[in-house]
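Okay, structure first, notes after.
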Amino acid sequence: KVLRDSTRAGAEVLKEEVIARAPERTGKLKKNVVVLTQRSRRLGEITSGVHIRGRNMRTGNSDNTMKASDPRNAFYWRFVEMGTVNMPPHPFVRPAFDVRLEQATEVAIRRMNQAIDEALSK
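In this note's numbering, the protein residues as written are 6 to 127.
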């Protein structure tokens, strides 16, 4: 629980910056930026990260089970971030990560220390 809370706190900082930098045409892209937390069963590791809905987590490809008109499917984010043959890139995820990495680390460490203190005070 301590690790989950601390990694999520750090990822929330990054999520806010990604949302602030995401281009807003319809608002669909900003609404689909979420924080996901995963646990490794074998190693017991906890990871949290910023994800954009509309992608298959295992392969990294588009989630073909969702319709393009689904409000939870922002599959086109990678075309905006990386560009295409006909469209120049407009990165928003990587610059957000570069700018807020230190702050996210500080927030995660602070939250971890706070959670440890709470657990020990019980």
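Where is the CB? At the ideal position from N, CA and C, for every residue including glycine.
Source: prediction; values computed, not measured.
Take the alpha-carbon of A25 and the one of V112: they are about 18 Å apart.
Sequence-distant Cβ neighbours of M117 in its own chain, meaning closer than 7 Å and more than five residues away, are V7 and S11. Less than 8 Å divides the Cβ of H56 from the Cβ of L41. Straight through space, the alpha carbons of V85 and A27 are spaced by roughly 9 Å. Scanning the stretch 11 to 36 from its first residue to its last, the whole alpha helix (DSSP H) runs of 4-plus residues come out as 33 to 36.
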